[in-house]
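In my numbering, the protein residues as written are 5 to 136.
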């Protein structure tokens, strides 16, 4: 599951991984593009679902974790999940709105791994969203 942003990372990953066993690619049929657009609805829905699943102890990391650096990736996931939270931004002036965003981008921290986990959980049961 890959976030679709201004680049074409999702399309590159689809071409590189197409045909491998147990690999599916999420497709936006309207835009005819691969990947997921992370709008507020998707972000909050995915975060809520992951939060509920964590509280119910329904999220597990496979053992063995297939990776060149299993322990490093476990550590990275744990770090990102501990930072990922509501970030508040004050209004520009007395008439503006306070902004709230879900993010793990604090300092030089990233949130890519936790975003991927959320997207995988959020879209895993919707087969019509996947390319054939």
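Ideal placement from N, C-alpha and C gives every residue a C-beta, glycine not left out.
C-beta neighbour in chain D for residue i, strict 8 Å
{"i": "residue 50", "result": "Chain labels in this structure do not include chain D; a single protein chain is all it has."}
Residue i versus residue j: straight-line alpha-carbon distance, rounded
{"i": "residue 146", "j": "residue 99", "result": "With the chain covering only 5 through 136, there is no way to say anything about residue 146."}
{"i": "residue 22", "j": "residue 28", "result": "8 Å"}
{"i": "residue 32", "j": "residue 61", "result": "31 Å"}
{"i": "residue 86", "j": "residue 102", "result": "24 Å"}
{"i": "residue 75", "j": "residue 97", "result": "46 Å"}
{"i": "residue 63", "j": "residue 57", "result": "6 Å"}
{"i": "residue 15", "j": "residue 8", "result": "9 Å"}
{"i": "residue 88", "j": "residue 112", "result": "13 Å"}
{"i": "residue 128", "j": "residue 30", "result": "10 Å"}
{"i": "residue 34", "j": "residue 67", "result": "37 Å"}
{"i": "residue 105", "j": "residue 81", "result": "20 Å"}
{"i": "residue 65", "j": "residue 115", "result": "17 Å"}
{"i": "residue 118", "j": "residue 110", "result": "14 Å"}
Three-state class that DSSP yields for residue i in the structure shown
{"i": "residue 105", "result": "strand"}
{"i": "residue 80", "result": "helix"}
{"i": "residue 46", "result": "helix"}
{"i": "residue 7", "result": "strand"}
{"i": "residue 91", "result": "strand"}
{"i": "residue 116", "result": "helix"}
{"i": "residue 41", "result": "coil"}
{"i": "residue 30", "result": "strand"}
{"i": "residue 69", "result": "coil"}
{"i": "residue 128", "result": "coil"}
{"i": "residue 20", "result": "helix"}
{"i": "residue 75", "result": "helix"}
{"i": "residue 13", "result": "helix"}
{"i": "residue 56", "result": "helix"}
{"i": "residue 122", "result": "helix"}
Distance between beta carbons of residue j and residue i, contact taken as under 8 Å
{"i": "residue 17", "j": "residue 6", "result": "5 Å"}
{"i": "residue 107", "j": "residue 91", "result": "5 Å"}
Cβ contact check for the stretch 44-55 and the stretch 105-123: 3 or more pairs under 8 Å:
Output reads yes: the stretch 105-123 touches the stretch 44-55.
Touching or not, the stretch 30-44 and the stretch 66-86, by the rule of three or more beta carbon pairs under 8 Å?
Taking 8 Å as the limit for Cβ pairs, the verdict is that the stretch 66-86 does not touch the stretch 30-44.
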